[in-house]
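Data first, discussion second: the structure below is written as structure tokens.
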Amino acid sequence: MQQREKPSSIPPKEPPRSLDEYILSHIDAEGEYLHALWRDTQLRLSYGQMASGHLQGRLLKMLIQMVKPLKVLELGTFSGYATLCMADGLPPGAELHTFEVFDENEDFLRQWLGGSPQAGKIHLHIGDALQLVPQLGIGWDFAYVDADKRQYVDYYEMLMPLMRPGGYIVADNTLWYGHVLEKARQSDLQTRGVQAFNDLVAADPRVEKVILPLRDGLTLIRVKD
Ligand SMILES: C[S@@+](CC[C@H](N)C(=O)[O-])C[C@H]1O[C@@H](n2cnc3c(N)ncnc32)[C@H](O)[C@@H]1O
11 MQQREKPSSI PPKEPPRSLD EYILSHIDAE GEYLHALWRD TQLRLSYGQM ASGHLQGRLL
71 KMLIQMVKPL KVLELGTFSG YATLCMADGL PPGAELHTFE VFDENEDFLR QWLGGSPQAG
131 KIHLHIGDAL QLVPQLGIGW DFAYVDADKR QYVDYYEMLM PLMRPGGYIV ADNTLWYGHV
191 LEKARQSDLQ TRGVQAFNDL VAADPRVEKV ILPLRDGLTL IRVKD
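Position one of the sequence shown corresponds to residue 11 (this note's numbering), numbered consecutively onward.
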């Protein structure tokens, strides 16, 4: 019987076709658990694209590692993707409280958050963050704002008195698909909400701020000491 010839070398990996692919192939891997969560999110939940995803997830973990916050807040859990990324970067003894108003995701969330190696650091609250967060009486070192775009100003006004001096607020979707540039979208309440938030933060002398054009826009806000 004729033997098959061994390949002289392993064929090279396909080169990345876009900058996005290039970036993802040159940053830390997503990891099996997060990848499985991402896939399950797309399969079982509506609007799966709301989950932060690989690149933003790695950035959030790194920001947490840089800031080393003890009390972390997330507004808008959705499927728990960003929750797990941030929890992974927490220093010992730190805790993360995440709020989700849509109670139909609760079983999904308890399964994925509860089954993760980060479970002990995560507190899931089901309900409206605007009502529940002030009731906790916690001073926050780091807050990730990623819930209803129409309420971004309300979240900011709620959070500012609760933030520790030197703490950080990170707000997602602050370029809102580029719609923030469009004056004509005044009937679009989400665009108006994000525009009002950006204007408020830009004019607020209590904070330092920078907008990263990452994914859909990420604003980093530092509460001055
Ligand atoms: C963009 S998704 C969150 C994505 C998630 N942070 C991530 O990065 O994977 C927004 C979520 O905020 C939730 N939400 C909207 N308004 C809320 C509120 N007032 N309190 C708590 N959650 C809210 C929505 O139900 C939705 O699941």
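C-beta: ideal position from N, C-alpha, C; glycine also.
When rounded, the separation of the alpha-carbon atoms in Phe88 and Ile74 is 20 Å.
At a cut-off of 4 residues, the continuous stretches assigned as alpha helix (DSSP H) that sit fully inside the stretch 124-193 are 139-146 and 162-169. Per the C-alpha coordinates, the member of Leu53, Arg68, Pro25 and Arg216 positioned closest to Glu40 is Arg68.
Burial check for Tyr165: the Cβ neighbour count within 10 Å reaches 16 or more, so the residue is buried. Apart from the 5 residues on each side of it in sequence, Asp138 sits with its Cβ closer than 6 Å to the Cβ of Val111 in its chain, given in chain order. Setting aside the 5 residues that flank it on each side, Pro101 is surrounded in the same chain by Lys78, each with a C-beta closer than 6 Å to its C-beta; the list follows chain order.
Between Tyr162 and Gly203, the C-beta gap is smaller than 7 Å, which places the two residues in contact. At least one heavy atom of ligand 1 sits closer than 6 Å to the Cβ of Met60. The Cβ neighbour count for Leu199, taken over all protein chains shown within 10 Å, is under 16; the residue is labelled exposed.
Check the Cα spacing between Pro223 and each of Pro215, Val233, Met96 and Ala181: the tightest is with Ala181. With distances taken between CA atoms, Gly124 lies nearest to Tyr91 out of Arg49, Glu218 and Tyr91. The closest CA to that of Thr184, considering only Pro175, Ile148, Ala212 and Gly177, is found on Ala212. In this structure, DSSP gives Phe109 an extended state, which the three-state scheme calls strand.
With a cutoff of 6 Å, Ala157 counts as near ligand 1, since its C-beta is closer than that to a heavy atom of the ligand. Gly227 has its CB no nearer than 6 Å to any heavy atom of ligand 1. No heavy atom of ligand 1 is found nearer than 6 Å to the CB of Ala129.
Between ligand 1 and Asp151, a heavy atom-to-CB distance of less than 6 Å is absent. Annotated three-state conformation of Leu55 is coil, per DSSP. Between ligand 1 and Val163, a heavy atom-to-CB distance of less than 6 Å is absent.
By the Cβ rule, the stretch 168-179 does not count as touching the stretch 112-120, because fewer than three pairs are nearer than 8 Å.
Using a cutoff of 6 Å, the CB of Asp138 counts as near ligand 1, since one of the ligand's heavy atoms is closer than that.
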